[in-house]
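Chains as they are written, first to last, in the working numbering: chain A, 71 to 585; chain B, 5 to 505.
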Amino acid sequence: MTDLIKHSAAALAAKLAAKEVSAVEVTQAHLDRIAAVDGDAEHGVHAFLHVNTEQALAVAAEVDGRRARGGSDAADLHELAGVPIAVKDLIVTIGQPTTAGSKILQGWHSPYDATVVKKLRAARMPILGKTNLDEFAMGSSTEHSAYGPTRNPWDLDRIPGGSGGGSAAAVAAFEAPLALGTDTGGSIRQPGAVTGTVGVKPTYGGVSRYGAIAMASSLDQIGPVSRTVLDSALLHELIGGHDPYDSTSLTDPSTGLVAAARIGNVKGLRIGVVQELGGEGYQAGVLARFNESLDLLRDAGAQIVEVSCPNFVYALGAYYLIMPSEASSNLAKFDGVRFGLRTLPADGAMTIERVMASTRAAGFGDEVKRRIILGTYALSAGYYDAYYGSAQKVRTLIQRDFDAAFAHADVLISPTAPTTAFKLGEKLDNPLAMYLNDVATIPANMAGVPGLSLPGGLADEDGLPIGIQLLAPAREDARLYRVGAVLEELLEERWGGPILNMAPELVATQIMEAK
Amino acid sequence: MTDATLSFDVAMEKFDPVLGFEVHVELNTATKMFSSAPNVFGDEPNTNVNEVDLGLPGVLPVVNKKAVESSIKIGLALNCRIAESCTFARKHYFYPDTPKNFQTSQYDDPIAYDGFLDVELSDGSIFRVEIERAHMEEDAGKLTHMGGATGRIQGADFSLVDYNRAGVPLVEIVTKPIQGAGSRAPELAKAYVAAVREIVKNLGVSDAKMERGNVRCDANVSLRPYGQEKFGTRSETKNVNSLRAVENAVRFEIQRHAAVLDSGNTIVQETRHWHEDTKSTTSGRPKSDADDYRYFPEPDLLPILATPEWVESLRAELPEPPAARRKRLQADWGYTDLEFRDVVNAGVLDEIEETVAAGASAAVARKWWMGEIARRAKLADVDPVALGVTPAVVVELDALIRSGAINDKLAREVLDGVLAGEGTPADVVQSRGLAVVSDDGVLQSAIDTALAAQPEVADKIRAGKIQAVGAIVGGVMKVTKGQADAGRVRELILKTLGVEG
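Okay, here's the thing in structure tokens:
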């Protein structure tokens, strides 16, 4: 393993700017790492569904050329130019396949770039490839990918979280310094928690959703995945901002994120512990590390207060009505008529309805079908008020809980996920147990507020990483970076370095031999 | 198989018709309702589309502000209230002309509601039609079913889909149930659709060409015994796309319903298809009020906020209302009430206005549109505007007549050529050699031949029987194939015979 891949994005950016390394060297180092440890569906990390070698190196070479020419060519380069990045395969990209982790999109190439991808290209960040995910981002373990699971770099027999397990694992395994994820109920933060990485769900509307294949439009949000709080801030600032192609994108998004991450000060800040997000159902080691973080913040001058959000207990139930309802609608377009898979009925009449039905039967996995059926039912005439309508009311109550809590606290804090990474296959046959992984992350999506997960240490009972979640009021994303940077620094002092230094080395030869 | 019908008069004796209309108006915005793709009719299939119109993965809609403004203007012109805040919803159904398998439409909070439209009937009386709502939505793509006998999806070998129309902005105008029209129901139907068409054209928000589907009408008809409060079961005849067809479809449905009810059977609530060739409807699909479209608020769009200031600024932009315009035009043109009403009923008011604007006199414009063009339309069984004659053609024909280049008889032949696609009237005159023969030398030799052939007629004329000159003129016209100026021929005959005319 070369040192290059161990650097943070900020450190790489500094080295590139100082011409200590070239963008081609940095990109090649990550491509080599992917080749060494990523493996395939059966072996290795399997974070990537597609590796974009040629295009990534071409972009890197262009950055190097500009730096060599100097002048405005070099001066105009974005701070992150030449820093490679991985993109969750739910986000469309010209020149690479986009599958959403589903058979129904196998081989499909988008003719357009997502807005966030356009921004990556404008900043000349080499895109290393597309990362694995639960099919259409539906899941908490990446086991629902139609292309095989991603494995947690801390223990290849365990899940990397989901749905963005690919992006989190790629960053945790040093295959990429940065990645893009999407978070509908915790798909950035929960994988961050179980892989010892940082993940941020921005304020709803803070980052354009144009080109992110929709699961639940009113909950989805694209956000950064990284190994440090500052790196997430750098990426968040690049991808954020108003987009005329997304009517729900904010015209006045949060600013000063990188500055907040660099300042990092919690003196006098009120940090609210959400009573409902802890206790029963949370692993002892998770709670122990969480309480230690509270102590560190208190020692650093923060005021730790308790807040109650009584309606959070209904969040999971309401989420599992709103999300499937919207998903059932958003996924209607996958019918074999215009793009993607088309499966003809094996026998009987060749009508358009039957071609659509057999395409959807063959193309969607069980979890996707489960949610389409749930959502179709919840939206049906006669049930709408009882299900979708009631769930929307719960959503309003959750927003009020947040409003009340933020009257007493500047940021809220909780464990990100109730447990550390579980074994592959452990919860695959128990959807309800799987859904509980997102119990602490879902309220932020329901209310549209921003959330950040950062590593909080290793649970005593299994030595696996746990996540600390910070939540802030809408448009106050900067507070997450300000508090997150302080906590990260205090924890790393305690650990004597980044948490991933404690992760077992991924030995390429073992992966190859296993193959 | 055609359905049994009662005669219209018998139907009217027994039953009281109730009507309802859903008129879809395609807006003529530069771009589509939710995407930046061009909104243009008639281009190569699937060229005016982008990823949004095709419903590709990851796309999001953005509302066309111009379309919202046009919708508000339509609402105002229909005397509606404008919602201060309204939303879009998703209406779900799987069909290949709808790329997302849901239509983005408005559901329970339309942008305009509670209006009315005063419709003038042919006798000059006014019938008020109450407007329930006018809401915004997007059009679907256009399917063409290939093979199979019916041109419908059932039985087709394959189907082609053109998404150029997908996402074109539509305003759907829905009436409240229209009661009390009685035997004037078919006429009211036509007059109502004509009035809506006139309004949207006058507002400049739609090209309003029914033959292109810019204005499409779904006509609901039900019958009930006189004196009964409760409405009968309705049928909905879809996409009736000309004014005449609206009138005919309503008349047919009244007669069909009456036959069904009169024989003691019940009407099936269903959609019907209008057939221009047989002047009848056939059964479409059963439609119940319980069709489940699983509507829910479109999460990708924000509510449309129509501030009073915005609405008032749009109101200030509204053009002269059609009724006021008609009053003004009648005065300008000097038509009698009867002449003017006939023009309105023939649906050629706009054409005459354009013809006058292009340089013809009001009398000439009426002569053409209510004469030769109306005659041909009747023969072809189409609306006069659908015949393909443009105001420019009329003006050019008139100019050719006035210059003496052609006469009325030749003008009709020139029109044949124009309608056959042979070019402008001047082109047709040229290519068909239809110019009036004005060469006196040619005429003189034809006259000499005619006089020689009928010496006894020549003698009569010489003897002072001037009216006998007609027979010679006729002979000359025959020789010149009607291309001679009859007045000039008469002059030359008299001069040849040395008789004073």
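From the three backbone atoms N, C-alpha and C, an ideal C-beta is built for every residue, glycine too.
Nearest residue (CA-CA) to residue 435 (chain B), options B:421, B:494, B:441: The shortest Cα separation from residue 435 (chain B) among B:421, B:494, B:441 belongs to B:421.
With burial defined as no fewer than 16 other Cβ atoms inside 10 Å of the residue's Cβ, what is the status of residue 96 (chain A): buried or exposed? Per the 10 Å Cβ criterion, buried.
Less than 9 Å between the beta carbons of residue 520 (chain A) and residue 541 (chain A), yes or no? Contact: yes.
Establish whether the CB of residue 398 (chain A) and some CB of chain B are separated by less than 9 Å. Interface residue, yes.
Interface flag, residue 668 (chain A) vs chain B, CB-CB below 9 Å: Any answer about residue 668 (chain A) is impossible in this case: the structure gives chain A only from 71 up to 585.
With distance defined between alpha-carbon atoms, name the residue in A:87, A:234, A:475, A:518 nearest to residue 323 (chain A). The candidate whose alpha carbon is nearest that of residue 323 (chain A) is A:518.
Under a CB-based cut-off of 9 Å, is residue 71 (chain A) close to chain B? A caution first: residue 71 (chain A) carries a pLDDT of 45, below 50, which makes its placement in the model too unreliable to give a value.
For a cutoff of 9 Å on Cβ pairs, would you count residue 536 (chain B) as touching chain A? There is no way to answer for residue 536 (chain B), as the model of chain B reaches only from 5 to 505.
Shortest alpha-carbon distance to residue 259 (chain A) belongs to which of A:296, A:162, A:275, A:225? Closest by alpha carbon: A:296.
Residue range of the beta strand (DSSP E) that includes residue 146 (chain B): Residues 146–150.
Please report the distance separating the alpha-carbon of residue 94 (chain B) from that of residue 235 (chain B). Taking the straight line joining both Cα atoms gives about 30 Å.
Separation of residue 283 (chain A) from residue 176 (chain A), as counted between CA atoms: Approximately 14 Å between the Cα atoms of the pair.
Compare the C-beta of residue 475 (chain A) with all C-beta atoms of chain B and state if any pair is closer than 9 Å. No, residue 475 (chain A) does not count as interfacial toward chain B.
Which residues DSSP lists as bridging residue 484 (chain A), in chain order: Bridge partners of residue 484 (chain A): A:539.
So for residue 195 (chain A), helix, strand or coil by DSSP? Residue 195 (chain A) sits in coil when the DSSP states are folded into three classes, being neither helix nor strand.
Beta-carbon proximity list for residue 488 (chain A), same chain, < 8 Å, skipping 5 on both sides: Residues of the same chain with a CB within less than 8 Å of the CB of residue 488 (chain A), apart from the 5 flanking positions on each side, are 351, 352, 353, 356, 506, 507, 509, 510 in chain order.
Alpha helix (DSSP H) segment containing residue 285 (chain A), residue limits: Where residue 285 (chain A) is concerned, there is no enclosing alpha helix (DSSP H), given that its DSSP letter is neither H nor E.
Among residues of its own chain, excluding the 5 on either side of residue 484 (chain B), which ones have a beta-carbon nearer than 7 Å to its beta-carbon? These residues qualify, in order along the chain: 441, 450.
Answer with buried or exposed for residue 449 (chain A), where buried requires no fewer than 16 other C-beta atoms within 10 angstroms of its C-beta. Buried, since its Cβ has 16 or more Cβ neighbours within 10 Å.
Secondary structure at residue 110 (chain A), three-state DSSP: helix, strand or coil? Reduced to three states, the DSSP call for residue 110 (chain A) is coil.
For the beta strand (DSSP E) holding residue 120 (chain A), just list the boundary residues, first then last. Here the beta strand (DSSP E) through residue 120 (chain A) covers 118–121.
7 Å Cβ cut-off: residues of chain A touching residue 55 (chain B): What residue 55 (chain B) touches in chain A, judged by beta-carbon distance under 7 Å, is 181, 182, going in chain order.
Beta-carbon proximity check, residue 169 (chain A) vs residue 119 (chain A), cutoff 9 Å: Result yes, Cβ atoms of residue 169 (chain A) and residue 119 (chain A) sit closer than 9 Å.
Amino acids of chain B, ordered along the chain, whose beta-carbon sits closer than 8 Å to that of residue 408 (chain A): Within 8 Å Cβ-Cβ: 58, 59, 60, 103.
Beta-carbon contacts of residue 254 (chain B) that lie in its chain and below 7 Å, excluding the five residues immediately before and after: For residue 254 (chain B), where only same-chain residues beyond five positions count, the Cβ hits under 7 Å are 23, 189, 190, 193, 223, 225.
Run down chain B in chain order and give the residues with a C-beta less than 9 Å from the C-beta of residue 316 (chain A). The CB of residue 316 (chain A) comes closer than 9 Å to the CB of 64, 66, 304 in chain B, given here in chain order.
Beta-bridge partners of residue 139 (chain A), as assigned by DSSP: According to DSSP, residue 139 (chain A) shares a beta bridge with no other residue.
Who are the Cβ neighbours of residue 300 (chain A) in its own chain at under 6 Å, not counting the five residues just before and after it? In chain order, 80, 331 place their CB closer than 6 Å to the CB of residue 300 (chain A), counting only its own chain and leaving out the 5 sequence neighbours on each side.
If you run the structure through DSSP and keep just helix, strand and coil, what is residue 312 (chain A)? It is coil, neither helix nor strand.
Taking C-beta to C-beta, are residue 137 (chain B) and residue 167 (chain B) nearer than 9 Å? No.
Less than 9 Å between the beta carbons of residue 367 (chain A) and residue 553 (chain A), yes or no? Cβ distance < 9 Å, so residue 367 (chain A) and residue 553 (chain A) count as in contact.
So residue 507 (chain B) packs on residue 41 (chain B), CB below 8 Å; how close in whole Å? In the structure displayed, chain B extends from 5 to 505; residue 507 (chain B) sits before or after that span and is not available.
Residue 108 (chain A): buried (16+ other C-beta within 10 angstroms of its C-beta) or exposed? With 16 or more Cβ atoms within 10 Å of its Cβ, residue 108 (chain A) is classed as buried.
Nearest residue (CA-CA) to residue 495 (chain B), options B:178, B:384, B:163, B:444: Nearest option by C-alpha distance: B:444.
So, residue 566 (chain A) versus residue 264 (chain A), is the Cβ gap smaller than 9 Å? No, the Cβ-Cβ distance between residue 566 (chain A) and residue 264 (chain A) is not below 9 Å.
Are the region 148–163 of chain B and the region 196–208 of chain B touching by the rule of at least three beta carbon pairs closer than 8 Å? Touching, no.
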